[in-house]
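Numbering (this note's numbering), first residue to last: 17 to 531.
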């Protein structure tokens with residue numbers, strides 16, 4: 017960074033503002049403010065504190081920008097001096113005159129004398145960045161139409177969602193298939209019916225969404241939001257104050273969902289549908305009454321409120337995860353300090369308490385992929401999902417082939433792939449001991465992943481799959497094992513050095529499931 021000053025032009029729906037001499041640090045700060053997808057100059061004061069560093073001006077008002085005559089100002093950019101222009105209405109950022117320090121993702125800063133000044137820029141993907149721009153380009157329209165994802169939370173989290181779910185459930189409950197499945201306590205059949213209701217809600221176009229499907233409102237900005245929150249993680253390591261995004265900003269109200277909210281929305285759908293089945297079963301003789309739909313909708317609305325505000329497994333309520341993500345701050349996991357465990361170790365998680373110390377909670381959406389359906393997947397487009405499925409299938413076939421070749425070629429006991437774990441399976445005579453043995457083998461896989469600095473979210477995903485396996489959720493051991501195997505296949509796909517470990521552990525799961 018330098019101390020040079022350069023002109024800045026801001027364009028919003030009210031016109032243009034101009035500052036003739038903005039220093040590099042203030043320029044970095046104001047460009048970083050655009051990371052929050054703000055649309056008007058009046059929103060900048062709400063965002064400035066999130067990006068202001070010790071080298072920045074105390075407030076954006078101190079920059080002295082004034083409303084100006086746009087045509088007169090841009091004539092000052094016709095020489096060869098550096099300049100920056102931000103078109104907030106059309107989401108465009110220009111730099112010219114040899115000033116080329118702006119980009120969609122960049123960290124402006126230095127570590128001189130351990131000052132560790134850092135200003136992160138994480139522009140949304142719909143923003144256009146043009147370095148080495150000309151004055152003529154400022155006058156031209158966008159290169160592509162402006163399309164900003166909108167989560168439509170008023171519909172997806174609102175009464176319309178609840179009513180639609182209630183209608184779908186009542187339609188299913190009028191069929192003999194539902195009555196027979198519920199009467200027989202058939203988890204498999206009920207789970208399929210739950211998926212059908214969830215799928216129909218997500219994949220049916222609605223007039224209040226412009227004939228778009230609710231699923232389309234879940235995708236479009238996840239990677240951008242994740243990058244914003246990850247940049248906050250680093251700021252916390254530098255002991256920076258965490259300043260939540262103001263709820264007065266349009267991006268807070270209408271901005272796209274991040275992965276935590278998408279995962280929470282998936283879980284909310286499944287929870288409400290499950291509770292709805294119970295409500296319906298308790299009122300079998302009343303399903304034909306005209307008040308039934310309203311009563312079920314009211315019950316689901318209350319269940320949604322309670323579920324969102326209730327802590328999950330001793331942690332924070334789902335509403336906290338959504339709020340933190342919308343405020344663009346990390347969700348913290350805090351606990352007591354009466355004992356210390358490795359919160360990535362599956363054995364610690366299985367045998368210890370819930371006191372895992374402090375850290376960040378992260379989501380990777382692993383459980384959304386377990387149904388092998390595009391409707392629930394994190395993939396935005398079906399073509400991406402089909403490519404992903406083909407990749408999974410290829411890895412599974414390769415691993416099965418390798419296992420078979422190894423079996424055919426064995427003339428004596430092979431060397432174990434496990435280097436730090438040993439299990440005598442003959443002594444593992446009950447399900448509890450077998451599960452603990454699986455945990456020790458998984459711990460070796462996790463340790464290898466930790467040595468490679470694998471992301472915390474990926475390790476958490478693997479541990480979550482193991483949690484479901486050992487708790488047999490849902491009440492179907494074969495399904496729980498299948499989901500756990502799927503997570504191990506993902507490990508093999510991402511870490512070639514763990515292919516043999518993944519294959520061996522999957523083989524052991526198959527063997528245990530046959531007993």
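Note that beta-carbon positions come from the ideal geometry of N, C-alpha and C, so glycine has one too.
Asked	Found
First and last residue of the uninterrupted beta strand (DSSP E) at residue 36	31-39
Cβ neighbour criterion (16 or more within 10 Å) applied to residue 533	Residue 533 cannot be examined here, being either before or after the span of the chain that is shown, 17 to 531.
N-terminal and C-terminal residue of the alpha helix (DSSP H) that residue 169 is part of	169-172
Whole-angstrom distance between residue 188 and residue 55, CA atom to CA atom	45 Å
8 Å contact criterion, which residue 224 and residue 176 should meet: CB distance rounded	6 Å
Three CB pairs or more closer than 8 Å across the stretch 42-56 and the stretch 90-99	no
Sequence-distant residues of the same chain with beta carbon closer than 6 Å to residue 534, five excluded per side	Here the chain has residues from 17 to 531 only, and residue 534 is not among them.
Whole-number beta carbon distance between residue 338 and residue 277, since they are thought to touch under 8 Å	5 Å
Alpha-carbon spacing of residue 468 relative to residue 496, whole angstroms	28 Å
Among 242, 215, 344, nearest to residue 263 - alpha-carbon criterion	344
Beta-carbon spacing of residue 240, residue 161 below 8 Å	no
Contained alpha helix (DSSP H) runs [length at least 4] in the stretch 161-234, N- to C-terminal order	169-172, 175-189, 192-199, 203-219
Buried or exposed (CB count within 10 angstroms, at least 16 for buried), residue 66	buried
DSSP-derived helix/strand/coil call for residue 43	helix
Three-state class that DSSP yields for residue 523 in the structure shown	helix
With 16 other Cβ atoms within 10 Å as the buried cut-off, status of residue 517	buried
Residue 455 classed as buried or exposed, judged by whether at least 16 other C-beta atoms fall within 10 angstroms	buried
Alpha carbon of residue 389 to alpha carbon of residue 399, nearest angstrom	13 Å
CB contact flag (residue 182, residue 284, <8 Å)	no
Where residue 265 falls: helix, strand or coil (DSSP)	coil
Stretch pair the stretch 471-485 + the stretch 380-388: three plus CB contacts closer than 8 Å	yes
Nearest-angstrom Cα separation, counted from residue 342 out to residue 243	13 Å
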